[in-house]
Structure formats: C-alpha cells, structure tokens
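Peer 1: What follows is a single structure, and I will ask about it in a moment.
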DNA sequence: GTGGTCTAGACCACC
DNA sequence: GTGGTCTAGACCACA
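Protein chains in written order, with my numbering: chain A, 1 to 128; chain B, 1001 to 1128; chain C, 2001 to 2128; chain D, 3001 to 3128.
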C-alpha cells in the first residue's frame, strides 16, 4: 500500500492521507485487522510532520474506519461497511453540494455529472 | 431570491453566499443581466461584514458567473453556461473525490451514491 | 463628433469622455476654437449624470486641452500641441508602467508591445 | 529583491506591490519556484496591513504569475511566459489607450511615444 | 449610495 | 509560524 501526497494541493495533507487509506480499504489492499504503519514511520516516509499523520489517523478513527490501540498501533476495523445512516448521508450531501452546484452552474448536465462521479469511483477502485 | 447563512457551519460564510447565488442562477431565479443586491446592503441584511460579501462577489466574478461594475453593482453574466473544460472537470473531480471515497468506505454502493447526487441536484433545482 | 460610452467598462465614464474628446482633437474633428456641447446637453445625450461630464471638462481644462468660459461653454484651446515637458513625460511614464510591466510578464517581447502601441495610435487616428 | 512603496501615490499600494513583483520576475531576480516573503512578514517590513499584501498576492495568483500554497507560502509559477492571448492584448490595449491618447494630444509624435515605452522597458529591466 | 482601498486586531486550521 | 477567515470601522472616487 503506497501513499503519495501532493504538498501543493488545496486539500490538506492529513486529508489526503485519510482518503488514501480509505481507498486502500475499498480496493481490498487493506483488510480488516491489518495494521497501519506507525505514525512516526509514515510521517518520516512521507516527509511530513508527525502531528499531521496523527490527525489523519484520529480522523479515520472518528469515521469508524480504524481503531487506534495505544502502544500497539492502528488497525483496520472489522466491519466498516455497515451502510450509511441518515445522518451520514445528510453530512455527505452537505459536503458534496457546493461542488455539485459549481458543476451545474458551469453548464454540466445530469449525465455529465454522473459520469464524473463514475469516473472517480472507477479510478478509486482501479489503482490510485 | 433569499439567501440564508449558517454562521456555525464549518463552510465559510463567503462560500455559502457564493453557492446560494449559483443555486439561484441554476433555478432561474437570477437571470442573466439581473443585478445582485449591493455588497453593503446584503451584508447588513445577513448580519455579516461587508468584506465577507465582497469576497463572495469577487469569487463569483473569478468564476465568470457575475460581473462587478464599479459604482453600479454586480450583474449576472450573460452566458455562464459554456460547458466545462478539461481543467475544470479535473478540478471538480479533485474536490469531489474525498467525499465520494468517504461514501464508498461507509458501505454505499454505486447506485446509492448516484441517488445521493441526484437528490442534491433535485434539491438545488426545487427550492433551497 | 460622436461620443460613446461603455458603462460596464473598468474605466470611469468621465475618463472615457475626456479620452474621446482628445481623440476627436487628434483626428482633427474638433479644431481649435470650436465649442463643445454643453454639460447638460451632453449629459442627457449620454444618459449620465451632469456631474460626470462636468468632471470630464474640468479634467480636460487641467490638461490644457480646452478652456471653460463661464456662461458660454467649453472651447478647444488654440495650441494644445506644444510638445511634452519633462514632468509630463514622467507622469505619462508612471501611468504607462504598470500596464507595460503586465504585458512584459505575460510574455510579450519588445516588438509586440510596440506593435500594440502602434495599433492603438492607428485606431485613434482612423475612426473610434 | 527589494520592494519599495509610495504610500502617497494614487496607485493603490497592493498594485504597487504586484507590479514590483512582476518586475522582479522580468529581471530574473525572482525565478520560477522561488518563494515570496510571507504575507505578514512583507506587510510588517513595508509597514502596511497584512490584508493589503494578501490582496497583492491573490491578484498575482489570478494573473497566473504566482501560486499560493496554503500554510506554505507563495511561489513563482513555473511558466508565466506563455505569450498573450487575444483577450489579454485587448485588455492591455484598453488600459493603455487613455494614456497613449493623452501623450498624442500633448503633441508627442509616434517616435517619441515609442521612445517613452522603450525607456520604461529598459528601466524595468535594469534596476528599479 | 456604490464599490475600492486600507487599517487594526482577532481566532482558527494546518504544518 | 503560515495563510484563511471574519469583524469593525474608516476615507475616497465615482455616479
């Protein structure tokens, strides 16, 4: 499982890391029970601050994707795939909305927007 | 055209305003050539600072959605709907990706995600 | 001598008017001694505020291009073409500099910038 | 790279700063990839408000001259010199026109105006 | 009255 | 320490 970050991106590094871990889970590269690299190890590999990785892991824990076991490490949760609750979909909807609106106002029609989402999902599943 | 903001949201106020103006355009409530409320007027209506609205309007101008005419006001651009370029869709894709990944990892399947996007688009078109 | 204004332009209306009067002089459409339209008349023709035209005329007078005779009107000065003084060229240089710099940084070479200036001068002399 | 401002000038401070950064790029003092001083640092050096420099930098970013990397700084863009497009030259032309007209009406001939432009370009390239 | 510009000072997220 | 965001209040040019 390789993680690559783009320091120049608008997206915060900690968020890039969380997202890529989630992508690894989706692709099956990271299976339930598997252990993530240590905070310090991953930080030095990526050349970023330890606190940044720490934040990523705690975000993932808050999302229920991993469990942080003090002194031992972070492990992928057994069953993160439980379907989305009403609150979750509402939250996702809120996050998606501004970008969807931007796409709509730039003249994309519904099919094009769906195709865009499809291309993202395909891309996530295939490689990185 | 009513604009409502949530000061407590983690989405910046200026961004909430920009998004709602774009939604108004999509719904046809704001037609090309129409004039937006003055920076100071809208600011006092919403109970926020002038500079916050100023930033919204300048962002919208940078996106090509409105034109700011000094001493006269901000008007909706004549042809904002020109279809999205390659760079634009790439940018949109980048912005969408983290949330789409989050939806995937939470167990939503492709149909559910498409339904979510559809519900957003419907919601944007209907009212607010 | 027709004057046209673009209310949408970044350039203030009073400045557009002054510039076009000067262009008329350069083309010979407005000869020394000729009388300009009245402030009120021109303002209503152009659909702008009287104060705006007033400002144009006073700017032109400050530049030595016209003379405002109270109760009588504004007349083109007899000899506006006296060559530029050191202070004038310095002032012109200051005004030109930011735009020239912008052209340079956008990748235009010296010849292209000269060609641009030439096209402006030709355009001024030909029509409007 | 030194930046000097004239608070008394009728040219806005933020614009003076942008122009001088562009001049530094033209002279090669600021090479692609180089990092500009921090917004707050430069502001305190020049004795102006942070927001003033912030506006300069965002304007330069809108012009494609620099890239602002949140939490990291502003860097000179790799390839700002891409030649000017039709719209760009039209815009430059509009900005140049009033001053060129003023020069013409003051009696300068074409050669003198070209010499003036040359002196500006030489001045920009040499020092400041 | 409108937008443009500027200041002073504040809190926050990120690194 | 960095940029991002926001507020409060000010003066000016323009219409």
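Glycine included, each C-beta is placed from N, C-alpha and C at the ideal position.
1. Using alpha carbons as the reference points, say which of B:1056, B:1071, B:1009, B:1011 lies closest to residue 1022 of chain B.
2. According to the neighbour-count rule (16 or more other Cβ atoms, all chains shown, within 10 Å of its Cβ), is residue 3031 of chain D buried or exposed?
3. Using only CA atoms, which one of A:109, A:4, A:38, A:65 lies nearest to residue 1101 of chain B?
4. By a C-beta neighbour count over all protein chains shown, 10 Å radius and 16 as the cutoff for buried, is residue 62 of chain A buried or exposed?
5. Could you name each continuous beta strand (DSSP E) segment of 3 residues or more that falls completely within the region 30 to 111 of chain A, going from the start of the chain to the end?
6. Which residues bound the alpha helix (DSSP H) around residue 2024 of chain C?
7. Would a check of beta-carbon distances place residue 103 of chain A closer than 9 Å to chain B?
8. Near residue 2007 of chain C, what residues of its chain come up, given a Cβ to Cβ distance below 7 Å and the 5 sequence neighbours on each side ignored?
9. Determine, using beta carbons only, whether residue 125 of chain A and residue 27 of chain A come nearer to each other than 9 Å.
10. Name, please, each residue of chain D whose Cβ falls closer than 8 Å to the Cβ of residue 2042 of chain C.
11. DSSP three-state label for residue 2119 of chain C, please.
12. Closest to residue 1197 of chain B by C-alpha separation, out of B:1050, B:1025, B:1118, B:1039, would be which residue?
13. May I have the straight-line CA-CA distance separating residue 116 of chain A from residue 1111 of chain B, to the nearest angstrom?
14. At 7 Å on the CB atoms, spell out the chain C contacts of residue 3110 of chain D, in chain order.
15. Whose C-beta lies closer than 6 Å to the C-beta of residue 2054 of chain C among residues of the same chain, with five residues either side of it excluded?
16. State the DSSP-derived secondary structure class of residue 2003 of chain C, mapped to helix, strand or coil.
17. Apart from the five residues just before and just after residue 3058 of chain D, which ones in its own chain have a Cβ nearer than 8 Å to its Cβ?
18. For residue 3034 of chain D, which of D:3077, D:3120, D:3086, D:3009 has the nearest alpha-carbon?
19. Chain B beta carbons: is any one of them nearer than 9 Å to that of residue 2059 of chain C?
20. Cα-Cα, which of D:3103, D:3092, D:3105 is closest to residue 2107 of chain C?
21. Assuming residue 2019 of chain C and residue 3095 of chain D form a contact by the criterion Cβ under 8 Å, report the distance between their Cβ atoms to the nearest whole angstrom.
22. Quick one: is residue 3055 of chain D near chain C, going by C-beta distance under 9 Å?
23. Closest to residue 1002 of chain B by C-alpha separation, out of B:1025, B:1010, B:1089, would be which residue?
24. What number of angstroms, rounded off, separates the C-alpha of residue 52 of chain A from the C-alpha of residue 43 of chain A?
25. Identify each residue in the region 2002 to 2024 of chain C for which the Cβ-Cβ distance to at least one residue of chain D is less than 7 Å, and report them in chain order.
26. Under a three-way DSSP split, which group does residue 2008 of chain C fall into?
27. Given a threshold of 16 other Cβ atoms within 10 Å of its Cβ, counted over all protein chains shown, does residue 2004 of chain C qualify as buried or as exposed?
28. Out of D:3075, D:3103, D:3085, D:3084, which has the shortest C-alpha to C-alpha gap to residue 2086 of chain C?
29. Just the Cα atoms here: how many angstroms apart are residue 37 of chain A and residue 1084 of chain B?
30. How big is the Cα-Cα spacing for residue 11 of chain A and residue 3046 of chain D?
31. Please go through the same chain and pick out, in chain order, the residues whose beta-carbon is closer than 8 Å to the beta-carbon of residue 41 of chain A, but skip the five residues on each side of it.
32. So which residues of chain B does residue 98 of chain A contact, with C-beta pairs closer than 9 Å?
33. Of the residues A:29, A:17, A:72, A:75, which one's Cα is nearest the Cα of residue 50 of chain A?
Peer 2: For this structure:
1. Reading the second chain from its first residue, position 22 is the one you call residue 1022 of chain B. Residue B:1056 is the option with its Cα nearest to residue 1022 of chain B.
2. The residue labelled residue 3031 of chain D in the question sits at position 31 within the fourth chain. Exposed, since its Cβ has fewer than 16 Cβ neighbours within 10 Å.
3. Within the second chain, numbered from 1, the residue matching residue 1101 of chain B stands at position 101. For residue 1101 of chain B, the nearest C-alpha among the options comes from A:65.
4. Reading the first chain from its first residue, position 62 is the one you call residue 62 of chain A. Counting Cβ neighbours within 10 Å, residue 62 of chain A comes out exposed, since fewer than 16 surround it.
5. The qualifying runs are 66 to 69, 73 to 76.
6. The residue labelled residue 2024 of chain C in the question sits at position 24 within the third chain. Start and end: 2013 to 2027.
7. Within the first chain, numbered from 1, the residue matching residue 103 of chain A stands at position 103. Interface residue, yes.
8. As a working note, residue 2007 of chain C is residue 7 in the third chain. Once the five neighbours on either side are set aside, the close Cβ partners of residue 2007 of chain C are 2013.
9. The residue you call residue 125 of chain A lines up with position 125 of the first chain. The residue you call residue 27 of chain A lines up with position 27 of the first chain. Yes. Within cutoff.
10. In the third chain, the residue the question calls residue 2042 of chain C occupies position 42. Within 8 Å Cβ-Cβ: nothing; residue 2042 of chain C doesn't reach chain D, min ~18 Å.
11. Reading the third chain from its first residue, position 119 is the one you call residue 2119 of chain C. Looking at residue 2119 of chain C - three-state DSSP - the assignment turns out to be helix.
12. Not covered by the structure: residue 1197 of chain B. The range shown for chain B is 1001 to 1128.
13. If you number the first chain from 1, residue 116 of chain A lands on position 116. If you number the second chain from 1, residue 1111 of chain B lands on position 111. So the two alpha carbons sit approximately 14 Å from each other.
14. By 1-based counting over the fourth chain, the position of residue 3110 of chain D is 110. Chain C residues near residue 3110 of chain D: 2121.
15. Along the third chain, read from residue 1 onward, the residue named residue 2054 of chain C stands at position 54. Apart from the 5 residues on each side of it in sequence, residue 2054 of chain C sits with its Cβ closer than 6 Å to the Cβ of 2039 in its chain, given in chain order.
16. Position 3 of the third chain, counting from 1, holds the residue named residue 2003 of chain C. Correct three-state label for residue 2003 of chain C: coil.
17. The residue you call residue 3058 of chain D lines up with position 58 of the fourth chain. Excluding residues within five positions, the ones whose Cβ falls inside 8 Å are 3068.
18. Looking up residue 3034 of chain D in the fourth chain gives position 34. If we check each option's Cα against that of residue 3034 of chain D, D:3077 comes out closest.
19. By 1-based counting over the third chain, the position of residue 2059 of chain C is 59. No, residue 2059 of chain C does not count as interfacial toward chain B.
20. Position 107 of the third chain holds residue 2107 of chain C. Nearest C-alpha to residue 2107 of chain C: D:3092.
21. Start at 1 with the first residue of the third chain, and residue 2019 of chain C comes out as number 19. Start at 1 with the first residue of the fourth chain, and residue 3095 of chain D comes out as number 95. Contact flag wrong, Cβ pair sits at about 12 Å.
22. By one-based count along the fourth chain, residue 3055 of chain D stands at place 55. Under the Cβ distance rule, residue 3055 of chain D does not count among the residues neighbouring chain C, no pair being separated by less than 9 Å.
23. If you number the second chain from 1, residue 1002 of chain B lands on position 2. Considering only alpha carbons, the answer is B:1025.
24. On the first chain, position 52 is the one that residue 52 of chain A refers to. On the first chain, position 43 is the one that residue 43 of chain A refers to. Taking the straight line joining both Cα atoms gives about 8 Å.
25. 2011, 2015, 2019, 2022, 2023
26. Counting from one through the third chain, the residue named residue 2008 of chain C turns up at place 8. Correct three-state label for residue 2008 of chain C: coil.
27. For the purposes of this step, residue 2004 of chain C is identified with residue 4 of the third chain, where counting begins at 1. That one is exposed.
28. Sequence index remark: in the third chain, residue 2086 of chain C carries index 86 (1-based). The residue with the shortest Cα to Cα distance from residue 2086 of chain C is D:3103.
29. Here residue 37 of chain A is taken as the residue at index 37 of the first chain, counted from 1. Here residue 1084 of chain B is taken as the residue at index 84 of the second chain, counted from 1. Cα to Cα, residue 37 of chain A sits roughly 40 Å from residue 1084 of chain B.
30. For the purposes of this step, residue 11 of chain A is identified with residue 11 of the first chain, where counting begins at 1. For the purposes of this step, residue 3046 of chain D is identified with residue 46 of the fourth chain, where counting begins at 1. The alpha-carbon atoms of residue 11 of chain A and residue 3046 of chain D are separated by roughly 31 Å.
31. The count along the first chain starts at 1 and reaches residue 41 of chain A at position 41. Here the set comprises nothing.
32. Taking the first chain and counting its residues from 1, one reaches residue 98 of chain A at position 98. Neighbours of residue 98 of chain A on chain B, chain order: 1011, 1015, 1016, 1018, 1019, 1022, 1095.
33. Along the first chain, read from residue 1 onward, the residue named residue 50 of chain A stands at position 50. Ranking A:29, A:17, A:72, A:75 by Cα distance to residue 50 of chain A puts A:17 first.
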